[in-house]
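Q: Structure below; questions to follow.
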Amino acid sequence: MFKWGIMATGWIAERLADAINYVPDAELTAVASRGIEKAEAFGKRYGAKRCYGSYEELASDPDIDIIYIATPTSMHYENVKLCFEHGKNVLCEKSLTVTAPETAELIEIAREKKLFFMEAMWMKCFPTYRKAVELVKSGRIGEVKTIRVDISKAQHYDPNNRFFNKALGGGTLLDLGVYSVTFLTGFLGFDYKDLYARAYIGETGVDRDEIICFDYGNAYTSSVVGFDIEDDNRAIIVGTKGRIDVGPDFWYADSFKVYDEYGDFIEEVKIPHLCNGYEYEVMEAQECLSEGLLESKIIPLSNTLRIMEIMDEITAKFIKN
Ligand SMILES: NC(=O)c1ccc[n+]([C@@H]2O[C@H](COP(=O)([O-])OP(=O)(O)OC[C@H]3O[C@@H](n4cnc5c(N)ncnc54)[C@H](OP(=O)(O)O)[C@@H]3O)[C@@H](O)[C@H]2O)c1
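In structure tokens form, the structure reads like this:
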């Protein structure tokens with residue numbers, strides 16, 4: 002049995018609580034909030050055994066195997082550090098931190114202290130995503146020439162919420178663009194020749210809408226990312242012998258379609274989520290812990306760091322332009 006602690010009680014914490022309660026050998030042992038009332042309400046709703054009114058109390062609970070961090074992105078760095086100080090393994094929400102140097106520092110501490118550390122990039126744990134990567138690697142759609150991976154989710158404007166508030170790590174790149182970058186590098190790797198990025202920066206100073214394109218020399222990608230429109234958010238991988246179409250909402254889709262080089266439909270691959278999709282990252286973390294691994298082979302830390310470095314490169318282009 003793996004004893005989980007959840008840090009924070011917001012939107013994503015609720016989904017993970019459901020997933021932990023679903024996964025065999027997982028126990029929701031404790032939850033922590035900045036206030037005890039919220040922790041107790043959450044604990045009652047999801048059956049947590051212990052409820053804490055501070056993150057420090059959760060981090061120092063000796064009876065916890067792994068802590069899942071569900072705070073706003075700008076808090077991850079200090080929250081992960083707190084857990085590491087108390088010798089806790091960590092599964093932390095995406096984006097892992099606001100900048101790559103912060104991610105690098107956390108990875109160094111995890112390695113030094115021999116603690117398990119994983120970015121909660123749930124998409125990469127889906128059997129469908131892994132199957133699509135396998136199909137492309139096997140040459141099923143020939144040589145990949147282009148990937149379009151758009152992700153726009155309309156958000157009600159509130160300067161104080163985590164989407165628009167810079168101090169909370171707001172902005173579309175950290176919230177949504179990370180999925181585009183993760184998705185396309187999963188197929189084309191990190192050896193791109195150039196990248197183009199432009200953003201509309203809103204009045205709170207965060208990127209609200211943007212376009213990001215990668216030039217791999219013999220392949221190109223494009224991603225429109227934003228908070229101001231609601232797209233159907235497909236990821237389309239086009240090769241010389243066919244294409245794969247993931248979506249709508251590619252980052253949690255449990256199916257994809259394969260077409261041949263003339264656009265004729267070949268097959269649909271569907272592997273329905275067992276719970277709500279978050280169960281796969283919980284299972285992956287537990288598998289790693291039971292094998293004594295300090296990082297996931299599906300989401301290696303070097304991969305997470307490289308993606309954060311690319312995100313920094315993109316942000317620098319937003320500022321420059
Ligand atoms: N993987 C996914 O599909 C997915 C989906 C959504 C979000 N996320 C990621 O998960 C993280 C949290 O997102 P969310 O949508 O759950 O956010 P949320 O609903 O706003 O919840 C964030 C929680 O963090 C805690 N918190 C600590 N310091 C805070 C502060 N200064 N201001 C506001 N809240 C603070 C609060 O919990 P307490 O008051 O209980 O301490 C709050 O409920 C983000 O990093 C986001 O990128 C991932």
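To convert, count from 1 in the sequence shown and add 1; that's our numbering.
Note that the Cβ used here is the ideal one computed from N, Cα and C, for glycine as well.
Just so we're clear, the structure is a prediction, and the values are computed from it rather than from any experiment.
Helix, strand or coil for Tyr193? Go by DSSP, reduced to three states.
A: It is coil, neither helix nor strand.
Q: Could you name the residues of the same chain whose beta carbon sits closer than 6 Å to that of Ala200, not counting the 5 residues immediately before and after it, in chain order?
A: So the qualifying residues of the chain are Asp208, Glu211 and Phe319.
Q: Give me the residue from Ile67, Glu94 and Pro102 with the minimum Cα distance to Phe85.
A: It is Ile67.
Q: Roughly how many angstroms lie between the CA atoms of Tyr281 and Thr205, to the nearest whole one?
A: Roughly 35 Å between the two C-alpha positions.
Q: Excluding sequence positions up to five away, which residues of its chain have a Cβ less than 7 Å from the Cβ of Tyr193?
A: Phe215, Asp216 and Tyr217, listed in sequence order.
Q: Between the Cα of Val91 and those of Phe164, Ser297 and Ile308, spot the shortest distance and give me the residue it belongs to.
A: Nearest of Phe164, Ser297 and Ile308 to Val91, Cα basis: Ser297.
Q: If you compare alpha carbons, which of Ser256, Met284 and Ser181 is closest to Ile315?
A: When each option's Cα is compared against that of Ile315, the closest is Ser181.
Q: Run through DSSP, which three-state label would Gly243 get?
A: In the structure shown, Gly243 sits in a strand (DSSP, three-state: E or B).
Q: Can you tell me where the alpha helix (DSSP H) with Lys115 in it begins and where it stops?
A: It is not in any alpha helix (DSSP H) - Lys115 carries neither H nor E in the DSSP assignment.
Q: Identify the continuous beta strand (DSSP E) that holds Asn90 and give its terminal residues.
A: Looking at the DSSP string, the run of the beta strand (DSSP E) that includes Asn90 is Asn90 to Cys93.
Q: Could you tell me whether any non-hydrogen atom of ligand 1 is closer than 7 Å to the CB of Ser34?
A: Ser34 Cβ: within cutoff of ligand 1.
Q: Express the C-alpha separation of Phe165 and Gly172 in angstroms, rounding to a whole number.
A: Using only the alpha carbons, I get a separation of about 6 Å.
Q: Give me the Cβ distance between Val270 and Phe251, rounded to the nearest whole Å; I'm assuming they're in contact under 8 Å.
A: About 14 Å separates the two Cβ atoms, so there is no contact after all.
Q: Check whether the Cβ atoms of Glu262 and Gly243 lie closer than 8 Å to each other.
A: It is a contact, given that the beta carbons lie within the stated cut-off.
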